[in-house]
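Each position in the sequence shown, counted from 1, maps to that position plus 59 in the numbering used here.
Note that beta-carbon positions come from the ideal geometry of N, C-alpha and C, so glycine has one too.
Nothing here was measured: the structure is a model prediction, and the numbers come from that model.
Quick notes on the structure that follows.
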Amino acid sequence: MKSFLFRLIHLPLHIQIFIALIAGSTIGVLFRLFPADPAGFWFDPMTWFADGSVTLGQVFLRLLRMVIVPLVATSIVSGVASAGDPKNLGRLGLKTFAFYMASSTAAIFVGLSLSNIIKPGVGVDIGEGSGISADDLERPGSLGDILMRIIPQNPVNSLVEADMLSIIFFSLCFGAALTRVGEPYRERVLGPIDGIFHVMMKLTGGVIRLAPLGVYGLIFRAVTTMDLEFFAAIGGYMITIAVGLSLHLFLVLPLFLLFLTKRSPKHHFKCMIDALLTAFSTSSSSATLPVTIDCVEHKVGVSNSITSFVLPLGSTVNMDGTALYECAGVLFIAQVMGIHLDLSQQILMVLTALLASIGAAGVPSAGLVMIFIVLDAVGLRGEQVGLIVGTMLAVDRPLDMYRTVVNIYSDSIAATVVGHSEGQIGDPREADAL
Ligand code: ASP
60 MKSFLFRLIH LPLHIQIFIA LIAGSTIGVL FRLFPADPAG FWFDPMTWFA
110 DGSVTLGQVF LRLLRMVIVP LVATSIVSGV ASAGDPKNLG RLGLKTFAFY
160 MASSTAAIFV GLSLSNIIKP GVGVDIGEGS GISADDLERP GSLGDILMRI
210 IPQNPVNSLV EADMLSIIFF SLCFGAALTR VGEPYRERVL GPIDGIFHVM
260 MKLTGGVIRL APLGVYGLIF RAVTTMDLEF FAAIGGYMIT IAVGLSLHLF
310 LVLPLFLLFL TKRSPKHHFK CMIDALLTAF STSSSSATLP VTIDCVEHKV
360 GVSNSITSFV LPLGSTVNMD GTALYECAGV LFIAQVMGIH LDLSQQILMV
410 LTALLASIGA AGVPSAGLVM IFIVLDAVGL RGEQVGLIVG TMLAVDRPLD
460 MYRTVVNIYS DSIAATVVGH SEGQIGDPRE ADAL
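Shown next as structure tokens:
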């Protein structure tokens, strides 16, 4: 027994996470088939404490969240400041945004084409819906509101409330201003921020070591609490989105990597596996960010000054999976309602889906909440829309897990492409030796 545990703990981390994923889903399925105790008490050691109200997954998510705000703020400031003169920064920013826009637009077109070809919503009868009201979802506000929220009235408040878009905006401005002040002020401010960033990365490394336990807990909960009732009714919609996400993940993004860097997509995938498995189990780009930075920096070999700029930004701004989902989801709703969206409406949908994916937070189900913006833009409102969105919410978890994987993968490719074009990337390492 002792040597089995010893060998398990000394396996490479991605294998441990993979084993945790299989164990969590298998035990979860068995638990559904043969329910043993209501809270899954014996299968989640964390529930032994605090009357079963704390789960292993929740503890892991909290640890990840604990590092996000200081990590993102210090990482962006030190990334921007180390980009050097404003010209360098402008070039880096331009390349990064160009990649984000190109990959998200490609994702939207995959979603749009598939939904127009498969037409998953035609003939679907939602009936009474899932009983979950779309009003249970917090509405995102208009695009104007979101744009205004990016500029913080008080940056300290943004930090306290972990409002990522405004933290990112302020950190970008702060970092840019830092490149323009002279010595000794620059070094006085940058030195400590850089120091905190490195300490946060160390701390993150410690949290990541716990990923196998966290992934086991999250997957076990996801499998045991998943609502299967509506899977059959709107299975076509789920399959369309899953196929679209797969095409983007395994075909479109690897092509971007291959054409823009000539690096092996297979090797890149292997390097990113820890982050992809974490994204899959947490459904949160923000929570996965520490693992993403770790993989892109230490396995893919992109320099710290690129990852600390491109990845925190990407985790909220660059969401290919979410953008694809917004479009496919809105078309599905229109099809269920028997409404034909003409070309001009579909173009409007593409633009708003892009903006909605930029505005979506990197947290579970954020994509579903943002769908209201796109629905509003094309004029889809009313009770039936609420009924359909409520049903989509009932089956959202597995789709959310998958689109988060795609979001993270796209961020990692953005960092690799920018790192490559700036000459800030090491030789591809042997993934097998990782
Ligand atoms: N959960 C996704 C993410 O964190 C966002 C979404 O719901 O699409 O990347």
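- With fewer than 16 other Cβ atoms inside 10 Å of its own Cβ, residue 62 counts as exposed.
- Neighbourhood of the ligand ASP, defined by CB distance below 7 Å to any of its heavy atoms: 342, 343, 344, 345, 378, 380, 381, 384, 419, 421, 422, 423, 424, 425, 426, 427, 459, 462, 463 and 466, in chain order.
- Under the three-pair Cβ rule at 8 Å, the region 331-349 counts as touching the region 114-129.
- Beta bridge pairing from DSSP links residue 417 with no other residue.
- Between residue 155 and residue 361, the C-beta gap is not smaller than 8 Å, which leaves the two residues out of contact.
- Between residue 381 and residue 268, the alpha-carbon positions lie close to 28 Å from each other.
- Annotated three-state conformation of residue 332 is helix, per DSSP.
- Bounds of any alpha helix (DSSP H) do not take in residue 178, whose DSSP letter is neither H nor E.
- Where residue 474 is concerned, the enclosing alpha helix (DSSP H) starts and stops at 455-480.
- For residue 448, the secondary structure class from DSSP, reduced to helix, strand or coil, is helix.
- Contact check between the region 312-327 and the region 463-476: three or more CB pairs, one atom from each, fall below 8 Å, which counts as touching.
- Excluding the 5 residues flanking it on each side, residue 253 has same chain C-beta neighbours closer than 6 Å at 137, in chain order.
- Distance from residue 234 to residue 135 at the Cβ level is roughly 6 Å; contact confirmed, criterion being Cβ atoms closer than 8 Å.
- Relative to residue 409, the option among 384, 424 and 420 whose CA is nearest is 384.
- Shortest Cα-Cα distance from residue 390 to any of 306, 304, 296 and 329 involves 296.
- Beta-bridge partners assigned by DSSP to residue 361: 484.
- Secondary structure note for residue 216: its alpha helix (DSSP H) is the uninterrupted segment 214-219.
- Cβ atoms of residue 459 and residue 426 come within 8 Å of each other, at about 7 Å.
- In the three-state reduction of the DSSP assignment, residue 70 falls in the coil class, being assigned neither a helical nor a strand state.
- Exclusion of the five residues before and after residue 443 leaves 396 as the residues of its chain whose Cβ lies within less than 7 Å of its Cβ.
- Counting C-beta pairs closer than 8 Å gives fewer than three between the region 141-153 and the region 265-282, which falls short of the contact rule.
- Rounded to whole angstroms, the separation of the alpha carbons of residue 407 and residue 271 is 42 Å.
- Under the three-pair Cβ rule at 8 Å, the region 77-91 does not count as touching the region 235-250.
- Where residue 114 is concerned, there is no enclosing alpha helix (DSSP H), because DSSP gives it neither an H nor an E.
- Bounds of any alpha helix (DSSP H) do not take in residue 308, whose DSSP letter is neither H nor E.
- When the five nearest sequence neighbours on each side are left out, the beta carbons in the same chain lying within less than 6 Å of the beta carbon of residue 229 are those of 211 and 214, in order along the chain.
- Taking the CA atoms as reference points, residue 357 sits about 44 Å from residue 404.
- Apart from sequence neighbours up to five positions away, the residues of its chain that approach residue 293 with a beta-carbon distance below 7 Å are 183, 450 and 454, ordered along the chain.
- The beta carbons of residue 263 and residue 126 sit closer together than 8 Å.
- In terms of Cα proximity to residue 416, the closest of 400, 162 and 330 is 162.
- In terms of Cβ geometry, residue 311 and residue 165 form a close pair [threshold 8 Å].
- Inclusion of residue 307 and residue 379 in the CB contact set at 8 Å is warranted, their separation being smaller than that value.
- Residue 249 is a Cβ neighbour of residue 237, given a cutoff of 8 Å.
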